[in-house]
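Here the sequence shown is numbered in full-length UniProt numbering, starting from 1 and rising by one per residue.
The beta-carbon is built from N, C-alpha and C at its ideal position, and this holds for glycine as well.
In what follows, a structure is listed as structure tokens, so that the remarks can point back to it.
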Amino acid sequence: ILGNMELRPWAVPENVNISFEVYIEEDQEELIFGAQDEDLQRIEAHSRTFIQLESGFTAAGQTRVLVAGQLESWLWLLCMILSITSDDPRSFEMLQLVRSRPLTPNNLADPYLLLLDLLAEAS
């Protein structure tokens, strides 16, 4: 049986060194985290992050997403969320990956290129 800290690595202060907050539309929340957020815990476990969702947070009804964890996992999830909101085709591959198995160091190295692409498109 896994200990509580193994199930919730973000509960150990050394495992949390950065967080981000982003706002997404309700349909994006359902796409990423599943109906009634059924995939939330799986995504947290596979990315070794803490994710807090607050539906209807803004006047426009957007969901507030707070993600805390280690830099590599944080960046990976940020890239996945930003790519989904920009309809980048790679986003669905990332989403399937984090839903299906824990992220590896090789997986966590990939989003740097995606982030550069997203930033280039935005400018």
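Helix, strand or coil for residue i? Go by DSSP, reduced to three states.
{"i": "Gln62", "result": "coil"}
{"i": "Glu44", "result": "helix"}
{"i": "Ile1", "result": "With a pLDDT of only 38 at Ile1, under 50, the local geometry of the prediction cannot be trusted, and the value read off the model is given with reservation. Residue state, collapsed to three classes: coil."}
{"i": "Phe20", "result": "strand"}
{"i": "Ser86", "result": "coil"}
Which partner residues does residue i have in the DSSP bridge list?
{"i": "Leu53", "result": "Val65"}
Does the distance from the CB of residue i to the CB of residue j come in under 9 angstroms?
{"i": "Ser55", "j": "Thr63", "result": "yes"}
{"i": "Thr85", "j": "Glu26", "result": "no"}
Leaving aside the five residues before and after residue i along the sequence, list all residues of the same chain whose C-beta is less than 6 angstroms from its C-beta, in chain order.
{"i": "Ser47", "result": "Ser73, Leu77, Val98, Leu103"}
{"i": "Ile43", "result": "Val98"}
Could you pull out every residue in the same chain whose Cβ sits closer than 7 angstroms to the Cβ of residue i, ignoring the five residues on either side in sequence?
{"i": "Leu71", "result": "Asn17, Ile18"}
{"i": "Ser91", "result": "Met80, Ser83, Ile84"}
So, at 8 angstroms on beta carbons, what are the nonlocal neighbours of residue i in its own chain, with the 5 sequence-adjacent residues on each side left out?
{"i": "Thr58", "result": "Tyr23, Arg64"}
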